[in-house]
Every structure is written in C-alpha cells, then in structure tokens.
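Protein chains: 2
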Amino acid sequence: MKKFINTAETMVAESLAGFVAAHEDIVVFDSDRKFVRRRDIKAGKVALVSGGGSGHEPLHVGFVGRGMLDAACQGHVFTSPTPDQIVRAIEATDTGAGCLLIVKNYDGDVMNFEMAAEMAADRHKIETVLIGDDVEAAGLPRSQGRRGVAGAVIVEKILGAAAERGAPLETLKALGDDLAPRIRTMGVALTGVTVPQTQRKTFALGPDEMEMGVGIHGEPGQTREPFRPADDILRHLCETIVADLPKDNRKNGLLLINGLGATPPAELYLAYNAARRIVETHGIAVRRSLVGTYVTSLDMSGLSVTLCLLSDDELSLWDAPVNTAALRWGE
Amino acid sequence: MKKFINTAETMVAESLAGFVAAHEDIVVFDSDRKFVRRRDIKAGKVALVSGGGSGHEPLHVGFVGRGMLDAACQGHVFTSPTPDQIVRAIEATDTGAGCLLIVKNYDGDVMNFEMAAEMAADRHKIETVLIGDDVEAAGLPRSQGRRGVAGAVIVEKILGAAAERGAPLETLKALGDDLAPRIRTMGVALTGVTVPQTQRKTFALGPDEMEMGVGIHGEPGQTREPFRPADDILRHLCETIVADLPKDNRKNGLLLINGLGATPPAELYLAYNAARRIVETHGIAVRRSLVGTYVTSLDMSGLSVTLCLLSDDELSLWDAPVNTAALRWGE
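Chain order of the listed sequences is H and W.
According to the numbering used here, the stretch in the first sequence is residues 1 to 331, in order.
According to the numbering used here, the stretch in the second sequence is residues 332 to 662, in order.
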C-alpha cells in the first residue's frame with residue numbers, strides 16, 4: 001500500500017490540519033479540533049451542519065464557507081462522527097435561527113446525528129435533511145434504503161445558498177425534503193480501495209474487470225462486469241439513472257461527473273462528454289455541469305454520474321455565489 | 332490498462348470536447364477545434380497564449396479565462412501543438428497590443444512556439460516567456476536545461492493578472508523573465524504512467540518503490556528509492572527545493588502541492604501539512620497556498636511540490652480575481 005501518509009492512526013488529523021492551514025482564509029478548526037467551521041459565522045442565518053466519515057474528501061470540509069455549510073464534522077475513515085462532535089458544531093454555529101443537519105443515509109450517520117439532535121434539542125431548533133441519492137438498481141437489499149453519495153454536493157450547495165439568502169429553518173427543511181429525492185447517482189469502480197487500518201483492498205478486480213453500482217465505502221457494487229469503452233460504461237450509468245428519475249420537468253438538468261479518488265481530470269471530462277450526449281438523447285436539457293473530484297472513496301479509481309432535475313428557483317440557488325475550498329464562484 | 336476512454340486516437344478530442352462543453356460559460360473552441368480560447372476576448376489587452384502536449388489536464392485549457400490565459404493549444408498526448416495551431420491562436424486573440432507566449436521548456440514546445448512566433452511576426456508583436464522550474468537536482472544531464480512543470484500555474488496566474496490590469500507586452504515579458512527563475516518544483520511518483528497509444532507503463536515500480544525527481548511525461552526520475560512515510564518524502568522534496576532557491580526575500584512564500592493524476596485530495600492535504608511545516612522551518616513564510624490536481628502526468632500516482640518566493644507586487648497579482656475552469660476566485 002503506497003499512500004502519502006505517516007500512520008493510519010494520525011492520517012485523518014494530519015490531513016485535516018493541512019486542509020485548514022491551506023484554507024485559513026475560509027475555515028477554522030474549533031478549539032478541540034472536533035469540527036471545521038466557517039471563519040465568519042453570519043448572525044441570524046440558519047446554521048447548516050453536515051459531516052460523516054473521513055475518506056471522502058473534499059466532502060464535507062471542502063464545502064464549508066460562505067454560501068454552503070457552516071460546519072462539518074468528520075469521523076475516522078468510513079466512520080461516523082460522534083454525537084458529541086455534532087453537538088459542539090451546532091452550539092458553535094447556531095446564532096438563534098436554528099440549525100439544519102444534512103445527513104447522508106447510512107445507519108451510523110443517521111443514528112449519531114439523531115442522537116446529537118436530541119441532545120441539543122432543549123437549546124436549539126433543529127431539523128434534518130436526509131440524502132439518499134443512489135439509484136434503486138445499485139442497491140443490494142438493504143434495510144436502510146438508498147445510500148447518500150455524490151448528491152450531497154448538490155443538496156449542500158442549494159440549501160446553503162437559500163440559507164445565505166435568509167430562508168428560515170422550516171423553508172430549508174421543506175426545500176431539502178423536496179430536492180433530495182430528485183437526485184440520482186450511480187458509480188463504477190475500476191479498483192477497490194485500500195483502507196489504511198487494514199492495509200487491504202476491500203475488493204479485488206482483475207485487469208479487465210469493473211464493479212458497477214458501487215458506493216463510497218469500498219463495499220462491492222451490484223455487478224462485476226468486463227471492462228468496456230467509456231461510451232458503453234457511461235451509457236449504462238446514464239440510462240439507469242434516467243430511468244429512475246421523474247418523467248416531467250426535464251428542462252433544468254444538472255450533471256455532475258465525480259471522480260472517486262484516483263481518476264484524472266482528462267478522463268472525467270471524456271466521461272462527461274459521453275454522459276452529456278446520452279442524457280440529452282433522453283430529453284433532459286443539461287443546463288449546469290460540474291466535473292471534478294468532489295466525493296471520494298479513498299484512492300478508488302472510478303467515477304460516479306449524478307443527475308438532478310432542478311426547478312427554476314433551484315437553478316438560481318445553484319448559480320448563487322459560493323466561497324468554499326472545493327466550490328467557488330462569484331455572481 | 333483500464334481508463335475511461337474509447338480509443339487512443341480519439342481520447343484527446345473527446346476529452347477536450349467535454350471540457351469545453353462543461354465550461355461553455357468561460358471558453359469556446361475555435362471553429363476548427365485547433366485551440367481553446369476565452370469566450371470574451373478583451374480588446375486592447377495583451378493576449379496570453381500557452382499550450383503543450385495533452386495528458387497534463389487541467390493544464391493549460393483549465394487556465395483559460397479572465398485573469399489568466401486567452402488561449403491554449405494542445406497537441407496529442409505528450410506531443411507539442413503544431414506551429415499552425417499556435418499561429419491561429421495568436422491571430423484569434425491579439426487585438427493589437429501584442430501576444431505573450433508562455434512556453435514550458437521542452438525541445439518540441441520551444442521549437443514549435445518559436446516557429447509560430449516567426450510565422451506571425453510580420454503581423455503581430457510577440458514575446459516569449461520560458462518556464463523551467465524543476466530543481467537542478469532532478470536533472471539527469473539534458474541539453475535543454477530545467478524542465479517546465481507545475482510552476483506553469485504560477486507564471487500563468489501572475490502574468491494573466493498583470494495583463495488584465497493593462498500591463499504592456501514589454502512589461503509582461505520582463506515580469507515573466509524575472510519570476511520564472513524564482514520557481515522551483517520537484518516531483519515523486521508512486522507509479523509510472525500508461526500511455527494509451529502503447530498501452531504500456533513508461534516505467535515500472537515495485538510495491539515498495541518510488542521514483543524521485545520525476546517530470547510530467549512519464550520519464551524516469553533521478554533516483555529509485557524505497558517507499559517511506561509522507562514526512563520523509565516531503566522533507567526530501569522540500570529541502571532539495573529550498574536549497575535551490577535564493578537566500579533572500581523569503582517573506583512571501585507560495586506553496587503548491589500538485590497531484591500528478593491519481594493522488595486523492597486527502598493525501599495531498601496531508602502532504603501539504605508536512606511540507607508547510609518543513610518549509611517554514613527553513614525561514615520561508617508560507618503566505619499563499621494551493622493544493623490540488625493542476626498539472627498531471629496522465630494517471631500517475633504521485634505529487635510535486637512547488638515553491639516560489641514572491642515580491643509584494645506578485646502577491647497582489649496572485650490574489651487578483653481569476654475566472655477559469657481550474658482556478659477561480661474573486662476580489
């Protein structure tokens with residue numbers, strides 16, 4: 001296992017320390033380094049707090065900043081943050097307008113964010129939006145339902161913009177509950193991931209194999225298939241996603257091609273080129289695009305395709321200024 | 332070789348088409364798809380044109396836009412653009428104030444940009460800035476001198492900002508000739524790269540080996556060494572760089588940790604954390620930082636460290652607004 005780390009025990013803390021130092025104009029650590037928050041908390045705004053296991057960087061810390069999250073709590077690799085971390089983040093960012101928790105649908109995350117919400121309920125107004133954007137077809141039978149994957153970027157961006165414009169907690173909760181189910185993601189892996197604690201690949205693929213329908217925790221996907229040209233792979237991903245999306249309101253498509261950790265930009269753009277053509281063939285107008293490495297699974301080689309059908313209001317919220325480490329644009 | 336491509340012949344064109352489609356608000360293709368240029372050419376401004384082989388994305392196309400390049404010409408993988416491509420880019424972007432060519436120091440690039448400058452000389456005022464930022468120690472004996480690598484990002488950003496502020500051609504040439512020699516880069520590879528045309532790795536490394544002093548074309552580096560913890564690797568890179576930099580004016584350090592294609596963000600931030608500490612131990616104040624995948628070598632796993640000592644003016648030019656696909660910030 002060749003990785004740029006020192007020890008498995010210290011890698012998350014060292015990487016986070018580097019992240020905060022590199023973006024000290026945007027974020028700060030809390031005093032105990034339990035979470036990362038915006039340098040400038042905006043009084044009167046609803047606080048947006050998210051988090052989850054490490055190993056998915058730049059998610060979520062890379063989305064802390066003006067127009068997106070107020071704080072992000074990271075656990076160890078593929079491990080939920082503790083309720084205590086989350087409570088501290090709520091306390092540090094809620095200036096009275098309440099706090100919206102944005103949670104990816106995994107048992108551990110759901111449980112710990114719920115527990116934190118209960119622990120803070122006597123002092124803070126709290127609502128939760130759950131993200132579960134993987135396609136139905138990606139799912140082996142799971143009690144917990146669709147997993148939350150790269151769609152988190154879209155939810156955090158759009159709710160972050162609405163909060164920045166002054167939307168109250170109830171409005172943000174309703175907006176999130178309406179938006180999240182309209183996002184669909186499907187991923188493909190060319191390699192498994194090596195978890196530093198075990199120094200083993202979570203699954204092994206042959207030189208001509210790929211894994212379809214993977215999540216972001218190194219778990220095997222839905223099917224193992226022979227490797228194929230990019231057009232074939234993207235057709236399968238896109239057509240599965242499109243079949244799982246509502247049939248109406250297809251005029252504002254947002255297409256995200258997300259690298260899972262070790263896929264270079266040139267290949268992501270080539271995949272985008274294929275995906276856009278295929279998606280538009282199905283009558284969805286791609287109005288906005290994002291191509292890059294945003295939600296990773298450690299050093300996995302692979303990518304995911306996310307498609308979301310936006311309303312006109314959501315399109316304007318997507319376009320609103322944002323200033324975070326991983327997503328940044330102006331008016 | 333598992334890559335998201337269709338054929339080796341079409342991969343560059345397809346990836347570029349995806350890039351332009353994804354960033355259609357910032358860039359356009361020229362009508363023959365020979366180069367990528369800013370959507371809005373600013374009349375009266377000196378035109379900045381760069382380019383080189385493909386396989387280094389987002390360099391250079393990702394740096395086309397307001398505050399950076401006016402056009403970028405890409406050749407095939409690791410192959411210079413033709414003089415014809417470059418002449419067409421000069422013609423499309425020079426509105427009368429002249430054109431500055433920014434060229435990485437490789438024989439093929441130098442020759443073709445020189446030939447283009449001669450071909451266009453009767454109709455355009457042209458100057459050239461050459462980038463050769465790899466450390467002396469990285470060099471096997473080479474007639475052409477230091478190679479141009481990740482330092483290109485810094486030269487293109489700072490000259491781009493100066494051009495946007497209205498600096499005339501002679502000033503930009505002097506600024507570039509002064510800045511470029513104050514940038515030093517050194518890279519390390521954990522894997523070779525697979526060139527799609529040959530389907531072979533350019534060099535093979537064992538599971539416990541790394542290659543020190545690599546460039547960005549898959550050529551072997553200076554030494555093959557046993558793999559070590561991140562702190563040891565970064566100490567070697569940083570100390571070699573620092574020893575090769577001027578001893579004075581160390582108050583405005585700019586530190587760039589660049590992924591070579593397949594290194595995930597979390598590891599780049601961990602490397603930054605180590606590098607910053609080591610660099611500051613040597614009396615260089617790190618005032619600005621950039622961590623990400625900016626200048627790649629196809630799917631190479633590895634990273635490079637770049638350090639540059641800026642003047643106060645250059646610091647302000649670095650901070651100036653920029654709106655490109657790969658680098659974007661406001662006032």
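The beta-carbon is built from N, C-alpha and C at its ideal position, and this holds for glycine as well.
| Asked | Found |
| --- | --- |
| If you draw a straight line from the C-alpha of Gln197/H to the C-alpha of Thr7/H, how long is it? | 9 Å |
| For Ala483/W, decide whether its Cβ has a neighbour in chain H, counting only Cβ atoms nearer than 8 Å. | no |
| May I ask you to verify whether the region 85-105 of chain H touches the region 28-45 of chain H, counting CB pairs closer than 8 Å and requiring at least 3? | yes |
| Since Phe227/H is in the alpha helix (DSSP H), which residue starts that stretch and which ends it? | Taken as a continuous stretch (DSSP letters only), Phe227/H belongs to no alpha helix (DSSP H), as it is neither H nor E. |
| Given a cut-off of 8 Å, decide if Val526/W and Gly549/W are closer than it, judged by their beta-carbon atoms. | yes |
| Quick one: what does DSSP say Glu422/W is sitting in, helix, strand or coil? | helix |
| Could you tell me the alpha carbon to alpha carbon distance between Glu332/H and Ala447/W, rounded to whole angstroms? | A query on residue 332/H cannot be resolved here, the shown segment of chain H reaching from 1 to 331 and no further. |
| In chain H, which residues lie less than 7 Å from Pro551/W when you measure between Cβ atoms? | Chain H residues near Pro551/W: none, gap ~17 Å exceeds 7 Å. |
| Quick one: list the residues of chain H neighbouring Ile547/W, beta-carbon separation under 9 Å, in chain order. | By Cβ distance, chain H contributes nothing, its closest Cβ being about 12 Å from Ile547/W, past 9 Å. |
| Find out if the Cβ-Cβ distance for the pair Ile433/W, Val466/W is shorter than 8 Å. | no |
| Tell me whether the beta-carbon of Ala274/H lies closer than 8 Å to the beta-carbon of Ile26/H. | no |
| Mind pulling the chain H residues with CB within less than 8 Å of Pro389/W? | Pro265 |
| Roughly how many angstroms lie between the CA atoms of Thr637/W and Val610/W, to the nearest whole one? | 11 Å |
| Would you mind listing the alpha helix (DSSP H) stretches within the region 249-296 of chain H that are 4+ residues and don't spill past its ends, in chain order? | 265-281 |
| My output table needs one value for Gly537/W: the three-state DSSP class, helix, strand or coil. | coil |
| Show which residues of chain C have a CB atom less than 7 Å away from the CB atom of Thr637/W. | This model lacks chain C altogether; the protein chains it does include are H and W. |
| At 4 residues or longer, what runs of the alpha helix (DSSP H) sit wholly inside the region 494-554 of chain W? | 500-510 |
| According to the Cβ coordinates, are Phe350/W and Tyr294/H closer than 8 Å? | no |
| Can you name the residues that DSSP bridges to Thr342/H? | This structure leaves residue 342/H out entirely; chain H is present only between 1 and 331. |
| Determine whether the Cβ of Val622/W lies closer than 8 Å to any Cβ atom of chain H. | yes |
| Is it right to say Ala505/W is buried, meaning 16 or more other beta carbons lie within 10 angstroms of its own, or is it exposed? | exposed |
| Quick one: what's got a C-beta closer than 7 Å to Ile5/H's C-beta in the same chain, skipping five residues either side? | Met11, Pro196 |
| For Gly592/W, which residues in chain H fall below 7 Å Cβ to Cβ? | Pro264 |
| Where do the ends of the alpha helix (DSSP H) carrying Val653/W lie? | First-last for Val653/W: 653-655, but that is the beta strand (DSSP E), not the alpha helix (DSSP H). |
| Kindly indicate which residue of Asp438/W, Met442/W, Ala492/W has the alpha-carbon position closest to the one of Arg477/W. | Asp438/W |
| Enumerate in chain order the residues of its own chain whose CB-to-CB distance from Thr612/W is below 8 Å, with the five nearest sequence positions on each side excluded. | none |
| Does the beta-carbon of Lys247/H have 16 or more other beta-carbons within 10 angstroms, so that it is buried, or is it exposed? | exposed |
| Can you check which of these residues, Gly590/W, Ile372/W, Gln475/W, Val377/W, is closest to Met303/W by C-alpha distance? | Only positions 332 to 662 of chain W appear in this structure, which leaves residue 303/W out of reach. |
| Name the chain H residues that come within less than 8 Å of Ser346/W, Cβ to Cβ? | Ala266, Glu267, Tyr269, Leu270, Asn273 |
| Please look up how many angstroms separate the CB atoms of Ser297/H and Leu260/H, rounded, as I've assumed it's under 8 Å. | 5 Å |
| Quick check: Ile462/W and Cys639/W, are their CB atoms within less than 8 Å of each other? | no |
| I want to know whether the region 198-217 of chain H touches the region 307-323 of chain H - three or more CB-CB distances under 8 Å. | no |
| Using only CA atoms, which one of Ala535/W, Leu621/W, Lys373/W lies nearest to Gly427/W? | Lys373/W |
| Using the three-state DSSP reduction, which class does Gly406/W fall into: helix, strand or coil? | strand |
| Does any CB atom of chain H fall closer than 8 Å to the CB of Ile417/W? | no |
| Taking Cβ positions only, does Met11/H come closer than 8 Å to chain W? | yes |
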